[in-house]
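> Just so we're on the same page, the working numbering is the position in the sequence shown counted from 1, plus 25. Don't be surprised by glycine CBs; every beta carbon is placed ideally from N, CA and C. Got a structure for you, questions after.
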Amino acid sequence: MNQPLLIRGGRIIDPGSGLDKTRDLLIDEEGILRFIDMNSVIPESDYLIIDASGMIVCPGFIDLHCHLRQPGYEEKETIATGTRSAAKGGFTTVCCMPNTKPALDNPVIIKLVQDIALIESPVRVLPIASITKGRQGQELSDFKTLASLGVAGFSDDGSSVVDENLMRKALEECRELGLPLIEHCEVPELASDGVINQGRVAKKMGLKGIPSAAEEQMVARDIRLAGDTDGWVHIAHASTTRTVELLRWAKSEGIHVTAEVTPHHLTLTENEVVTRGTAAKVNPPLRTQADINALVEGLNDGTIDVIVTDHAPHTRVDKECDIAEAAFGISVFETTLASLMTLVHSNKITLNTLIDKLTRQPALLLGKRDGITGRLEDGKAADLVMIDPNREWVVDPEEFVSKGKNTPLSGVTLKGKVMATVSRGKLVFVDELLSVR
Ligand code: DOR
C-alpha cells in the first residue's frame with residue numbers, strides 16, 4: 026500500500042492522448058491514477074498533497090539506452106545507484122545495455138539483472154541482450170530464449186556487428202520475434218583509435234579524429250540489410266547530418282528502421298572538448314553545430330524517433346587521465362531534462378515534442394509491453410514526472426545520485442528541473458524544494 030497522493034493544479038501534458046490542460050490528479054493507495062475535477066472537495070487529510078501549480082505533469086520518461094554496469098563494473102555504477110539516478114532524472118522505465126562483465130548474453134545473467142532490479146530499483150528495468158555471445162561479434166546469442174525472458178531488444182553497443190553475414194542472420198532471426206537490433210554504428214577501421222570528432226578541434230588539439238563516415242558507412246550497410254531482410258534495425262545514438270539523411274531516405278522507402286539521439290548530441294559540439302577535456306569524450310563523439318541542426322530537424326520531422334540518455338557512468342580513474350586513454354561516456358540521467366529544455370527555451374523544439382520523444386515514442390518501440398504505454402491513463406498504474414520548466418539550477422556532479430560524476434555540464438546553469446517522479450504509483454523522487462504536505 027502506498028501513501029495516496031493528490032497533485033493539484035499542474036499542467037498535464039500527455040502527447041499520447043493529446044492532452045494539454047490544467048487538471049488535478051489523484052493516485053490512490055493501490056498506485057492507480059485518477060483524473061479529478063479541478064478543486065474537487067476531497068478529504069485532504071487522507072492524502073499527501075503536492076502543489077503542482079506552475080509545473081508540468083507528464084508521463085514518466087522511458088529510456089531505451091543506458092548503462093547500469095552491473096554485473097562486473099560496480100565501481101562505475103550499480104543497478105541500485107543507476108536506477109535511483111534515473112528516478113531523479115524523471116525516468117520510470119530504463120533499458121540497460123549488455124556491455125557488462127559478463128555480457129548480458131544468456132538467460133542466467135538476464136534473470137540476475139531482473140532479480141536485482143525487482144529488489145533494488147525504484148523504476149522498471151528492461152535488459153537489452155547482446156547480439157553476439159560475449160559481444161565478440163562471432164556467434165549469435167540465443168535470441169528466442171532471451172526474447173522469452175522479456176528483453177527489450179538486442180545490441181552489441183560499444184561496437185558494431187562487423188560481420189555482414191552475421192548481422193544479416195541476426196536481422197532474419199529477430200524479424201520473427203518483433204524485436205529490434207540496436208546497432209552501435211561504427212566501422213572500426215575508420216574509427217581506428219580516434220579520440221574525438223575528426224575536424225577543426227581534433228586538428229588544433231593534435232588528437233586523432235573519428236570521422237563521420239565511420240558512423241555513416243555502418244548506418245548505410247544496416248539500412249541495406251534491414252531492407253533486404255525485412256528485419257528491424259534501430260540506429261543507436263545518431264550523431265551526423267548524413268546519418269539523418271540516410272534515415273530519412275530509408276523511412277521514405279518503407280524500410281523498418283528507427284533511430285535515437287542523445288541530449289548531448291543535440292546540445293553540445295566538439296568545442297566542449299577544448300574546455301571540458303575527458304568529460305566531453307563520448308562515442309560517437311560530439312560533432313558540429315551543423316550536425317546538431319540536422320539532428321534537431323530529424324527529431325522534429327519524425328526521422329529520429331526517440332531521445333535516449335546513453336547514460337554511461339565511469340569512475341574518476343577512468344576519466345582523470347590523458348584524453349587518448351580516457352573512457353568514452355557521459356553520466357546523463359540527472360541532466361537530461363534540463364539540457365533538453367535549452368532546446369525548448371530557444372524554440373528549437375516544442376515542449377510537446379520533447380515529452381513525446383521521451384514517453385509515447387519509446388513506449389511504441391517497446392510495443393507497449395508490461396502495460397508501458399508512455400501515457401497518463403485514468404484507472405491505470407501511475408508513471409509520471411513533475412517538472413518545473415523555469416527553475417534554474419547549477420549542475421554539481423557531487424550532488425548526482427549516480428556514481429558517475431563524469432559530465433561536461435559541471436558548473437553550468439540550466440533552466441528546467443525534475444521536481445518529483447512517481448513510478449508504478451509510488452513517489453520515488455521528490456526535490457527538496459517541492460511543496461509536499
Ligand atoms: O560513450 C560511450 N560509452 N559510447 C558507447 O557506445 C559505450 C558507452 C559506455 O559503455 O561507456
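What runs of the alpha helix (DSSP H), each 4 residues or longer, lie entirely inside the stretch 327 to 414?
As far as the stretch 327 to 414 is concerned, its whole alpha helix (DSSP H) runs of at least 4 residues are 341 to 344, 361 to 370, 376 to 383, 385 to 390.
> On the three-pair Cβ rule with 8 Å, is the stretch 289 to 304 touching the stretch 244 to 254?
Counting Cβ pairs under 8 Å, fewer than three are found: no touch.
> Going straight from the alpha carbon of Glu-145 to that of Lys-393, what length do you get?
Going from the Cα of Glu-145 to the Cα of Lys-393 covers about 23 Å.
> Let's test the definition: count the other Cβ atoms within 10 Å of the Cβ of Lys-233 and tell me whether it reaches 16, buried, or not, exposed.
Lys-233 should be labelled exposed.
> List the DSSP bridge partners of Val-447.
Note: Val-447 sits in a beta bridge opposite Leu-409, Leu-452.
> Whether or not the stretch 346 to 363 and the stretch 279 to 289 are in contact is what I'm after, with contact meaning three or more pairs of Cβ atoms, one per stretch, closer than 8 Å; do they touch?
They touch, by the three-pair rule.
> Just the C-alpha distance for Ser-364 and Gly-114, rounded to the nearest angstrom, thanks.
Each residue's alpha carbon lies about 11 Å from the other.
> Measure the beta-carbon distance from Ala-112 to Val-150 and round it to whole angstroms, keeping in mind my assumption that it falls under 8 Å.
Ala-112 to Val-150, Cβ: 11 Å. No contact.
> Tell me the residue span of the beta strand (DSSP E) that contains Pro-463.
Missing from the structure shown is residue 463; the chain here goes from 26 to 462 and no further.
> Could you name each continuous alpha helix (DSSP H) segment of 4 residues or more that falls completely within the stretch 242 to 300, going from the start of the chain to the end?
For the stretch 242 to 300, whole alpha helix (DSSP H) runs of length 4 or above, ordered along the chain, are 266 to 277, 288 to 292.
> Helix, strand or coil for Phe-425, going by three-state DSSP, please let me know.
Residue state, collapsed to three classes: coil.
> Taking Leu-291 as the reference, give the member of Lys-276, Pro-309, Val-299 with the closest Cα.
Out of Lys-276, Pro-309, Val-299, Pro-309 has the C-alpha closest to the C-alpha of Leu-291.
> List the DSSP bridge partners of Val-150.
According to DSSP, Val-150 bridges with Val-119.
> Just to confirm before moving on: does the CB-CB distance between Ala-263 and Val-244 stay below 9 Å?
For Ala-263 and Val-244, yes; Cβs fall inside 9 Å.
> Among the residues of its own chain, which have a CB less than 6 Å from the CB of Lys-382, if the five just before and after it don't count?
Result list for Lys-382: Val-331, Ile-332, in chain order.
> Confirm the yes/no value for this check: CB of Asn-124, any heavy atom of ligand 1, distance under 8 Å.
Checking every heavy atom of ligand 1 against the Cβ of Asn-124, one is found closer than 8 Å.
> Please look up how many angstroms separate the CB atoms of Glu-54 and Met-26, rounded, as I've assumed it's under 8 Å.
Going by Cβ atoms, the distance from Glu-54 to Met-26 rounds to 5 Å, so yes, they are a contact pair.
> Go through its chain and collect everything with a Cβ distance to Leu-368's Cβ below 8 Å, but skip five positions before and after it.
Within the same chain, Leu-368 has close Cβ partners Leu-291, Thr-292, Val-321, Ile-374, Leu-379.
> Does the Cβ of Met-366 have 16 or more other Cβ atoms within 10 Å, making it buried, or fewer, making it exposed?
With 16 or more other Cβ atoms within 10 Å, it is buried.
> Could you check where the alpha helix (DSSP H) with Arg-200 kicks off and where it finishes?
Taken as a continuous stretch (DSSP letters only), the alpha helix (DSSP H) holding Arg-200 covers 189 to 202.
> Output the distance between the C-alpha atoms of Thr-361 and Lys-451, rounded to the nearest integer angstrom.
Taking the straight line joining both Cα atoms gives about 22 Å.
> Taking Glu-297 as the reference, which of Ser-435, Gln-386, Ser-185, Ala-128 has the closest Cα?
Measuring from the Cα of Glu-297, the nearest candidate turns out to be Ser-435.
> Just to confirm my understanding: we take Arg-273, look at its own chain, exclude 5 residues before and 5 after, and list those with CB closer than 8 Å. What are they?
Cβ neighbours of Arg-273 beyond the five flanking positions: Gly-323, Asp-326, Thr-328.
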